[in-house]
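A.B. asks: Start counting the sequence shown at 8; every next residue gets the next number (this note's numbering). Beta carbons are placed, not taken as given, at the ideal position from N, Cα and C, and that holds for glycine. Just so you know, these numbers come straight off a predicted model, no measurement behind them.
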Amino acid sequence: VAEAACIGIFHPKWDERPVLFVVKKAGADCCADDILDHLRPQIAKWWMPDAVEFVDDIPHTATGKISKKDLRDRFKDYTLA
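(1) For a quick check, are the C-beta atoms of Ile42 and Val59 less than 8 Å apart?
(2) Just verifying my parser: in three-state terms, what is the DSSP assignment at Arg47?
(3) Let me check understanding here. Comparing Cα to Cα, which of Ala35, Pro56, Ala33 lies closest to Asp44?
(4) Excluding sequence positions up to five away, which residues of its chain have a Cβ less than 7 Å from the Cβ of Phe17?
(5) At the level of alpha carbons, what is the spacing between Asp77 and Pro66?
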């Protein structure tokens, strides 16, 4: 994983649930299950992302921080099943 960010996405039952957006390192061969398996022993089960989405890039602010606002705007129509 080169970079990742997690944001809350609307969920019909829970209002919001986490979705993880991941930029893979060049040549990396991993899938969503690999990432979730890595996270499972490290974080509480209610923190586990409901989905992992692979993206080409994650937006940043002028100071280089991840822009969760821009990420939320980009995925505002994303729906969890």
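C.D. replies: In this structure, then:
(1) Looking up residue 42 in the sequence shown gives position 35. Looking up residue 59 in the sequence shown gives position 52. It is a contact, given that the beta carbons lie within the stated cut-off.
(2) Residue 47 sits at position 40 when you count from the first residue of the sequence shown. Secondary structure at Arg47: coil, using DSSP grouped into helix, strand and coil.
(3) One-based indexing of the sequence shown puts residue 44 at position 37. Here the closest residue by C-alpha is Pro56.
(4) Start at 1 with the first residue of the sequence shown, and residue 17 comes out as number 10. Excluding the 5 residues flanking it on each side, Phe17 has same chain C-beta neighbours closer than 7 Å at Glu23, in chain order.
(5) For the purposes of this step, residue 77 is taken as residue 70 along the sequence shown, with counting starting at 1. For the purposes of this step, residue 66 is taken as residue 59 along the sequence shown, with counting starting at 1. Taking the CA atoms as reference points, Asp77 sits about 6 Å from Pro66.
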